[in-house]
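See structure below.
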Amino acid sequence: MNKVPVIVLLVSVIFLFWWYGGLLVLLMLLGTAVTLLYTQVGGVSRVSERLGQLETASQTWRSRVEQTDEMQFTVAGKMGHLGTQLLPPLPQPNLYKTDGFVSASTPSVPNSLAALMKRSISITEGEELENGDTGPSIQVPAPYDDSFSAFFTKAEDLTSPLELDELGEIDFEEISNQSTQLLVQRRNIRVQRKHKSANPVKALAARNDLKSEYVEVKTGVADREIRRINIEKLSKSSGLAMEALAGLASKEDLSAVSLKKPDESLPDSKQWPRPLLIRLKGRRHGVTSLVACHYTSVNQGDSYVLVTDNQVFHWIGEFCNIIEKSRGAEVAQMIQSKKDLCCKGASEVYTLEGGSFSEKHRQFWRLLSLPEDMMHSYKGEQAGPPNEDEIYEVAIAETFAVYAVEKELLVPVKEYWGRCPKYEMLDPNKVLVFDFGTEVYMWAGKHADMKERRQGHRLAQEVFKKGYRSDSWHATGITWLDQQMCSRERPSCSVYCKTIQHMEPVLFKEKFLNWPDFGRVIKVSSPSGSNNNNNNTSNHKGVDADGSVEARPCDVESMLDWKLPETDLVIEGTHLGRGKSYYDPERRLLHEVTTEELAIWQVRDYTKTSLYPSSFGVFHEGECYVIYWKYVVSITGREISGAPSRHGVTGRERILYTTWQGNKAPVLEQGAAALLAVDQGGVNNSTSSAQALVCQGQESPAFVTM
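Numbering-wise, UniProt numbering puts 231 at position 231 of the sequence shown, and it's gapless, one number per residue.
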């Protein structure tokens with residue numbers, strides 16, 4: 001604590017007291033000194049203590065307030081008593097060895113040249129190597145044999161002894177005298193002698209490692225080339241394509257084809273069992289799985305789809321949620337429309353409510369082997385607790401296993417192990433194996449290697465034969481589910497399916513979270529037309545269609561200026577308008593219609609009855625009438641001033657027979673009325689007449705006017 005200001009203050013107090021002598025000033029200064037001493041001694045510490053208490057209280061107030069019950073209404077609160085279940089540990093990559101399997105890392109070397117040549121597709125590779133025709137053995141003649149010395153004569157036979165005697169009589173002095181003396185230093189030249197070389201013919205004949213014969217190999221390249229040239233010549237003079245001519249000219253030995261025997265040691269990809277019962281259970285995504293085709297597998301809390309060869313049933317449980325109901329309807333409709341799961345004869349989907357009983361219900365339960373005495377009372381097994389769907393969906397997803405085929409191994413895919421797969425993981429160049437419990441799939445991309453496909457098929461069969469991965473199952477509290485998953489063997493309803501890209505069954509698609517439904521995608525047609533689309537399909541690949549819509553406001557002026565066109569009745573090329581007059585704006589002519597005579601007959605029982613003028617215009621909906629109308633059309637124009645012209649043209653007399661039919665008139669009377677109208681117009685009138693048919697509710701204004 002700093003004491004200097006206090007001392008200064010006391011000294012100032014004494015001085016002021018001595019100077020002024022005032023008691024009031026002394027008291028004021030003493031109070032100020034006491035306040036200053038209190039602030040410096042204990043005030044700072046108390047303020048800091050208060051700040052610390054406030055900060056502590058701001059952090060510890062949550063522990064003094066009781067926790068709300070909002071967490072009890074969430075999914076985490078409902079499943080809190082179950083505890084957090086960890087994902088099953090990843091197993092080590094298993095090596096499934098099969099008989100007759102060749103390692104992909106060991107290169108194969110052909111034993112003969114025939115493996116390097118092209119062969120026919122109809123002959124298998126093994127048969128060509130084993131049963132192929134070997135060429136003839138051709139003997140190579142030896143370069144040095146007994147006939148060699150007989151062909152060539154010896155050098156001794158070529159030189160006679162008389163020629164050798166003549167050489168001794170040559171005078172060598174004459175030869176030396178003719179040579180000139182050269183003044184050069186004499187040098188001793190060492191003669192370089194060559195070593196005697198061995199006879200190469202004899203050395204070659206003495207070797208034992210040389211073959212004296214070889215096998216002739218006929219590749220047929222020359223024959224194929226000649227055949228190709230002939231086909232090209234034929235294609236120039238023929239109207240067929242070169243490929244068609246090559247197919248007609250080819251010769252295949254079908255008797256030499258031998259089919260490969262199947263391996264009966266492993267189960268093959270079998271067809272879907274009949275009948276097939278599919279269960280849809282879950283609250284968010286919904287898990288689609290196969291169950292035993294028995295009435296005890298059906299409960300009131302789930303949705304089921306029963307598939308036969310020619311029928312599809314969708315059974316909805318009484319306590320089924322909306323997700324299970326909608327997904328079940330989609331699966332059943334997809335099976336029926338796309339003829340999936342070998343269901344070829346289904347014409348519709350039969351939707352059955354769990355609490356009802358009908359003939360289709362009895363047919364559904366008979367397929368599930370329900371006894372006859374329980375047909376009218378059985379509604380399925382009792383539904384589980386409300387949270388069973390959520391627990392089942394999470395627990396089943398943790399058992400999903402995905403493997404990738406790499407050489408001779410099934411390597412687990414860690415990103416999608418123990419969870420629902422996604423569409424992005426399907427690589428066209430890979431082969432994948434999916435283990436969904438009751439279903440095992442071997443999926444092959446469209447660009448996958450054929451050898452990897454065969455490996456994946458065998459390894460997937462081994463996975464299917466091995467059974468459940470029960471060591472990674474955690475108890476869920478659902479009795480029937482824990483008993484099923486703890487079993488080592490798969491149920492009898494389990495299937496193994498081999499599928500390829502773009503040919504997946506609906507059960508495989510439903511396992512994915514985001515499988516695209518291309519049938520619901522709205523596509524925009526190309527403005528160039530369908531013909532151009534067919535010809536230029538390759539040019540539009542990979543180009544996204546523009547589905548944007550350009551919004552333009554309506555033209556209000558054009559809407560206000562639009563006028564309803566005038567009603568006009570045209571008979572024999574003449575405009576009658578509304579039955580009185582019609583003005584032609586293009587020709588600026590006025591057509592005036594004048595009625596000369598009108599008669600109406602009622603048709604009943606193939607006879608006609610004339611009506612009185614007082615009954616004109618009164619028609620009954622169960623009757624038919626024939627109207628006779630005789631009229632004249634006058635055409636007048638306008639003068640330059642715009643007034644009607646005094647000169648007009650009056651046309652000839654025209655006749656129109658109209659048949660009016662009521663909505664409830666019998667068909668026989670309608671036909672009789674039409675025949676009577678034709679007969680009346682052709683017999684009783686020498687002039688030509690027109691005919692018209694008018695139905696009740698479709699009368700024109702000219703018909704009402706007449």
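Just so you know, even glycine gets a beta-carbon here, dropped at the ideal spot from N, CA and C.
- The beta-bridge partner set that DSSP reports for A444 consists of V431 and I500.
- Contact between V626 and V603 is confirmed by a C-beta separation of about 6 Å, below the 8 Å threshold.
- Taking a cut-off of 8 Å for Cβ pairs, the segment 355-369 and the segment 304-320 touch, as three or more such pairs fall below it.
- The closest CA to that of D389, considering only I323, I278 and Q691, is found on I323.
- L590 has its alpha-carbon roughly 23 Å from the corresponding atom of W562.
- K379 is positioned such that its CB atom lies closer than 8 Å to that of E318.
- For the options H474, C497 and E557, the alpha carbon positioned closest to that of S487 is the one of H474.
- When DSSP states are grouped into helix, strand and coil, S326 belongs to the helix group.
- Counting other Cβ atoms within 10 Å of its Cβ, K608 reaches 16 or more and is therefore classed as buried.
- Under the three-state reduction of DSSP output, D568 falls in the coil class, being neither helix nor strand.
- Annotation: the continuous beta strand (DSSP E) that includes W601 extends over L589 to R604.
- Annotated as distal: D309 and G286, with beta-carbon spacing of 8 Å or more.
- Between the segment 396-408 and the segment 345-354, the count of Cβ pairs shorter than 8 Å is below three; the stretches do not touch.
- The alpha carbon of R654 has as its nearest neighbour, out of K630, V667 and L668, the alpha carbon of K630.
- In this structure, L598 is the residue among L598, V221 and E359 with its C-alpha nearest to the C-alpha of S615.
- Cα atoms of C343 and T479: separation of roughly 34 Å, rounded to the nearest angstrom.
- Boundaries around F313 are those of the beta strand (DSSP E), V312 to I316, since no alpha helix (DSSP H) includes it.
- With a cut-off of 8 Å on Cβ pairs, the segment 248-255 is not in contact with the segment 459-474, counting fewer than three such pairs.
- Each residue's CA atom was taken as its position, placing V221 and E243 some 19 Å apart.
- For the options A665, V667 and T658, the alpha carbon positioned closest to that of E699 is the one of T658.
- The Cβ atoms of L341 and P491 do not sit closer than 8 Å to each other.
- Secondary structure note for W629: its beta strand (DSSP E) is the uninterrupted segment C624 to R638.
- With contacts defined as CB atoms closer than 8 Å, I278 and Y304 qualify as a contacting pair.
- Distance between S645 and T636, taken at the CA atoms: about 6 Å.
- Rounded to whole angstroms, the separation of the alpha carbons of W272 and L370 is 22 Å.
- A direct Cα-to-Cα measurement between V217 and K466 gives close to 49 Å.
- Ranked by how close their Cα comes to the Cα of M450, the residues N199, L560, I600 and N429 have N429 in first place.
- DSSP places G648 within a strand segment (E or B) once states are collapsed to three.
- At a Cβ-Cβ threshold of 8 Å, Q455 and E408 count as neighbours.
- The alpha-carbon of E406 is positioned some 34 Å away from that of Q483.
- Each residue's CA atom was taken as its position, placing I500 and L513 some 19 Å apart.
- Counting C-beta atoms within 10 angstroms of its own C-beta, I229 has fewer than 16 neighbours from the protein chains shown and is therefore classed as exposed.
- In the three-state scheme derived from DSSP, where H, G and I count as helix and E and B as strand, I478 is classed as coil.
- From the listed residues M425, Q696, T574 and E596, the smallest Cα separation to Q661 is found for Q696.
- Beta bridge pairing from DSSP links V307 with L276 and V312.
- If you ignore the 5 residues before and after A383, its C-beta comes within less than 6 Å of the C-beta of N299, Q300, G301 and F319, all in its own chain and listed in chain order.
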